[in-house]
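Worksheet: the structure to be examined is printed underneath.
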Amino acid sequence: MGKDLRSFLADAEKSDKLYRITREVDPTEHMGVLADESDRALLVENVTGFEGWKIAANFNQNRDMEMVGMGVDSREDVIKKLAACIDEGPKPLKMVDKGPCQEIIWEGEDANLNKLPIAVHSELDGGKYIGSGVGVVVDPETGHHNTTWPRIQVGDGKTCGFLIYSRHVSEICAKYHSKGAAMPMSVSIGHHPAIDITASLSIHHPDCGELAYAGSIAGEDMEFVMCANGVPATAHAEIVIEGEVPAGVLQDEGPFGNYMGTYAAGPMARDGVQKALVFKINRITMRKNPVYRHLNSTIWTEHQRLCMLPIEAKLYTAIKEMGMHVHDIYIPSWGGCGLTIIQMTPRGPGEAEQAMLKATMWEDTTLGFMSHTVVAVNRDVNIYDARDVMWAISVRTDWGQPVQQIFNTPASPLRAGAARVKGLPYRLSGKAMINASVLPPQDDFVWWDINRAWPKGYGSFSLADFVDNYHSSETRKVRNVSHEEMVAIKPGKYKPEVE
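So the sequence shown is residues 15 to 513, counted in our numbering.
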């Protein structure tokens, strides 16, 4: 077994994508800001009040971190490789009798979440929250498992209110509760990004659970163990929490800063607090010298990226299968899961609009439910840099022509700007498609209008060659694209010779 959280940290450090923090860090005071400001993975080695523990965060913060997790050398290759892995299909889970996640076992009163270095994410949160746990449940009728990312409010550490943001898991829970039975659930914390990405898959998988794709995405067999409650968990997780969700038991949950960067809650919530199901903790197992994996929920972190990366890969495949010249797709954290950027080379009128329509109304994943603004740009636009995207929207968009709207579509119940509808579990909102791309020019006159003015020497050297202590943000590097690549056509005879 090769790939786990620890192997990923080693890979990140080897790639100069890891910050080791040796100063003392209080998880209830410091982790939110540390995770929010870092472009790289973090490893906290001195945790206030938790001797012997470490905290790791920011595995999927941006495309550069995703390159490390997917083992590729360029940003464009991330979703291309992931799309190919998903197409490879599911494989049976490789079950083992015992895994490293069971080296230490806490049971009874010892099984308390307050013994873990769990962080506070946002200023007004209702206490400590686990956001990094991969929840696994088993359908009592089909026997197939399903995954979710429950937000778990720690509270007394034994009986914890939590929110299920998964339709499938909610349906499975209802099957147990309709018979008055508790739903067993395991929550695994601390994996290689391949497992986290697998657990985030938003694709149609009727004959298996999401974790059956783990081997394809990791490129090797990933091992699983059976918990005492009869639910599988990842064998090489740092921590596994075992418990059950009893029928008919509710308690207050919230407020919590969610993936959209607000405290918006469900339709029945007041002041960010709602009645929620309860996760009753029965047993906690872990590795020796455990590393607690933190996943902050604020909009500059990886919380949104894990949800959106698999969708990007599937949308890339869908647009490519439409016969279009698509290069990359990005649903940035700073868009709150509501912005989809399609980087493509439109070859004629209507192509960009067709690609954007696929993103807004796509039935194959939850993207149509989440994304409310879709932007199409050319290959010269750095889709990982909000400044460059805004440049394209400002300079290349004629707001009287290519901006199209779609009205009254179902939206996330957490979308603050959408309209609440009494009796519905979702909200209603419009969507916008912004064509910030340009077509290949028909003559030299147009060619001069649409091409970028790159700084002299760009791509040959940089400020880092002249300043010894220079450190750039990985998300702000602009891809160097030639004029020919930008619109897939060469300039005419009027281009001057520049030495």
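Virtual Cβ for every residue (Gly too), placed ideally from N, Cα, C.
- In this chain, the alpha helix (DSSP H) harbouring Tyr-190 covers 181–191.
- If you draw a straight line from the Cα of Tyr-277 to the Cα of Leu-177, it is about 14 Å long.
- According to the DSSP assignment, Tyr-344 belongs to the beta strand (DSSP E) that extends over 340–344.
- Shown here, Trp-462 sits in a helix according to DSSP, grouped into three states.
- Under the rule that a run must span 4 or more residues, the alpha helix (DSSP H) segments found entirely inside the region 193–233 read 207–213, 228–232.
- Cβ-Cβ distances below 8 Å link Leu-48 to Ile-35, Val-39, Leu-56, Val-58, Ala-71 in the same chain, with the five nearest sequence neighbours on each side left out; the list follows chain order.
- Secondary structure note for Ser-443: its beta strand (DSSP E) is the uninterrupted segment 441–449.
- The C-beta distance from Val-305 to Glu-256 rounds to 19 Å, too long to meet the 8 Å contact threshold.
- Within the same chain, and ignoring the five residues on either side of Asp-210 in sequence, the residues whose Cβ sits closer than 6 Å to its Cβ are Leu-320.
- The region 105–115 makes contact with the region 228–248; the number of CB pairs closer than 8 Å reaches 3 or more.
- Along the length of the region 373–444, whole beta strand (DSSP E) runs at least 3 residues long occupy 387–391, 418–425, reported in chain order.
- Thr-212 is the residue among Ile-93, Glu-335, Lys-129, Thr-212 whose C-alpha sits nearest the C-alpha of Val-150.
- The beta-carbon distance between Gly-83 and Phe-22, rounded to whole angstroms, is 6 Å. This is short enough to meet the 8 Å contact definition.
- Annotation: Arg-361 to Gly-147 spans about 44 Å, alpha carbon to alpha carbon.
- Contact check for Val-403 against Val-391 passes: the beta carbons are separated by less than 8 Å.
- For Glu-267, the uninterrupted beta strand (DSSP E) run begins and ends at 264–267, by DSSP.
- Annotation for Arg-89: no beta strand (DSSP E) segment contains it, and DSSP assigns it neither H nor E.
- About 5 Å separates the CB atoms of Tyr-330 and Ala-97; that is less than 8 Å, so the two are in contact.
- With contacts defined by Cβ atoms closer than 8 Å, Met-358 and Ala-373 do not form a contacting pair.
- CA-CA distance, Gly-364 to Met-375, rounds to 16 Å.
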